[in-house]
Each structure stands twice: as structure tokens, then as C-alpha cells.
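Notes to accompany the following structure.
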Amino acid sequence: EADIYQTPRYLVIGTGKKITLECSQTMGHDKMYWYQQDPGMELHLIHYSYGVNSTEKGDLSSESTVSRIRTEHFPLTLESARPSHTSQYLCASSGGRGGVYEQYFGPGTRLTVT
Amino acid sequence: AQSVTQPDIHITVSEGASLELRCNYSYGATPYLFWYVQSPGQGLQLLLKYFSGDTLVQGIKGFEAEFKRSQSSFNLRKPSVHWSDAAEYFCAVGAMDSNYQLIWGAGTKLIIKP
């Protein structure tokens, strides 16, 4: 079944640690996105990609980085986690039959930095 | 600049009552319009979308939305809500000049009274 996956679902980590949030999709979509969302708040786009070897920063400044070496994989990395990075991170993809704007979301990763 | 406004931060509705969630957008041409739902701690699920044609669109879970060009609105409706409809609802707009990104509303939290 075509889907979009995120791991881990929950992560509690100490300040200064390097972390990578994984996102994979099996829908064959060329466009992928990372959003940051505080509880009960709106979504903020932090990174997006139009295809392999394409990455762009979004509207919200973020200290994270992304890579897109394979179509299906779009990991997000924080080199040195800080308490201000505590948030929910949502991965999405688009570009299938629904069109380039119809985004499909993963279940999210809730990150807590202590 | 394109924008999406969801005027109601919270809405409380009794179970079995009808529901209307408001969404207004600002864009010169006809945009692509979406409603998503987010249950607590989860990713977003697409409820319905409008690209063109019939201005009344049907979605999943018994929801519908009507595109009104003259009012720049795309309000979400349901004739009878269930307790399981309690969630956060997001309206989003995609436009030809938005680099395939969605412009998001701030969300409306739906609370269901028993």
C-alpha cells in the first residue's frame, strides 16, 4: 500500500545531540516537504524538495538541514538539538495523480529536547 | 500576497448538530482549495479538494465544502457531527505562482459537546 512513513514517532533527547528524523514515501511523488508545528498551532514550512538533489528552505527559518538522494527518502537532521527545537515535525509529499498541490502527510515525529 | 484566513480559532458544537467552518482566501485567480483534518498527535488527512467544476464538493467522513468565488470562501460543512469529528481543521490554498506550496490557514479546533 502506498504511504508515507516517519520514524521515530516520539523522541526525547538531550541538548547538543545530533538527530535525524526519517521520512519515506512509497507513492512515487517527486515533491516532498517538512513542516514544523507546535501543539494546536498552524503549520510552518521549513524545507522542501522538488526532486532528487533538490532542496530549498521554507518560510520558517530552521537550523535543520535536509537531503534528497533518493526520490522516496527525505531525512531531516539537527546537528545540535536545543530545547527550542521541541515541536512536532510533519513530512508530506505531492505530485501524484492528485496533482502537485495535493499533499499527503506522515504521522509526524514529536521531538522533545531536554 | 496570497493568504488564508480561518476566522474561528475554536468552535463548539453539540453532537448531532450541524457544522460550518469558515475559510477565506486572498488570491487573484481561482486557486486550488483543500480542507485537511488533524486528530491529536497525528498527521493531516485530506478531507476534500476543489480544483474546478462543480462548486460543491463532497469529501470523506460526510463532509462537504462549497467554493464561492464572489466571497473568496471555501467553507466546510457537515449536517450532523459525531464525537469522533473533534479535531483540528485546516484550510489550504495552492496557486500557480506559489512554487507548488500550499498556503495554510491557522486552523480551527472543533470541540464536540455530548
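Here the protein sequences come in this chain order: A and B. The working numbering numbers the first residue of the first sequence as 3 and each following residue consecutively. The working numbering numbers the first residue of the second sequence as 21 and each following residue consecutively. Glycine included, each C-beta is placed from N, C-alpha and C at the ideal position.
1. What does a CB cutoff of less than 6 Å around A/ARG2 pick up in its chain, not counting 5 residues either side in sequence?
2. Use the C-beta contact count for B/TRP124: other C-beta atoms within 10 angstroms, 16 or more gives buried, fewer gives exposed.
3. Applying a beta-carbon distance threshold of less than 7 Å, which residues of chain A neighbour B/TRP55?
4. State the DSSP-derived secondary structure class of B/ILE80, mapped to helix, strand or coil.
5. If we call anything under 8 Å between Cβ atoms a contact, is A/ILE6 one with A/SER95?
6. Taking all protein chains shown into account, do 16 or more other C-beta atoms lie within 10 angstroms of the C-beta of A/MET43, making it buried, or fewer, making it exposed?
7. Who are the neighbours of A/ARG112 on chain B, taking C-beta pairs under 9 Å?
8. Are the beta-carbon atoms of B/SER100 and B/GLY61 separated by less than 8 Å?
9. Check whether the Cβ atoms of A/LEU78 and A/HIS87 lie closer than 8 Å to each other.
10. Are any of the Cβ atoms in chain A nearer than 8 Å to that of B/GLN121?
11. Skipping 5 residues on each side, what residues in its chain have a beta carbon closer than 6 Å to that of A/LYS33?
12. By the three-class DSSP mapping on this structure, what secondary structure does B/ASP62 have?
13. At a cut of 8 Å, does the segment 78-85 of chain B reach the segment 60-71 of chain A through at least three beta carbon pairs?
14. Within its chain, find whatever has a CB closer than 6 Å to the CB of A/GLN27; leave out the 5 residues flanking it on each side and keep chain order.
15. Does at least one heavy atom of the ligand MN sit under 7 Å from the Cβ of A/GLN90?
16. Excluding five sequence neighbours on each side, which residues of the same chain lie with their C-beta closer than 7 Å to the C-beta of A/ARG19?
17. For B/GLN78, which residues of its own chain have a beta-carbon under 8 Å away from its beta-carbon, when the five flanking residues on both sides are left out?
The relevant details are as follows:
1. This structure leaves residue 2 of chain A out entirely; chain A is present only between 3 and 116.
2. buried
3. The premise fails here: B/TRP55 is roughly 12 Å from chain A at the closest Cβ pair, so nothing lies under 7 Å.
4. helix
5. yes
6. Note on A/MET43: under 16 other CB atoms within 10 angstroms of its CB, so exposed under the neighbour-count rule.
7. GLY61
8. no
9. Between A/LEU78 and A/HIS87, the CB-CB gap reaches or exceeds 8 Å.
10. At least one CB atom of chain A sits nearer than 8 Å to the CB of B/GLN121.
11. TYR52, SER96, GLY97
12. According to the sequence provided, residue 62 of chain B is Gln. The question's Asp does not apply to it. Coil.
13. no
14. ILE6, GLU74, SER95
15. The ligand MN is not part of the structure shown, which contains no ligands of any sort.
16. A small fix is needed here, since residue 19 of chain A is Lys in this sequence, not Arg. Here the set comprises ALA83.
17. LEU68, GLU84
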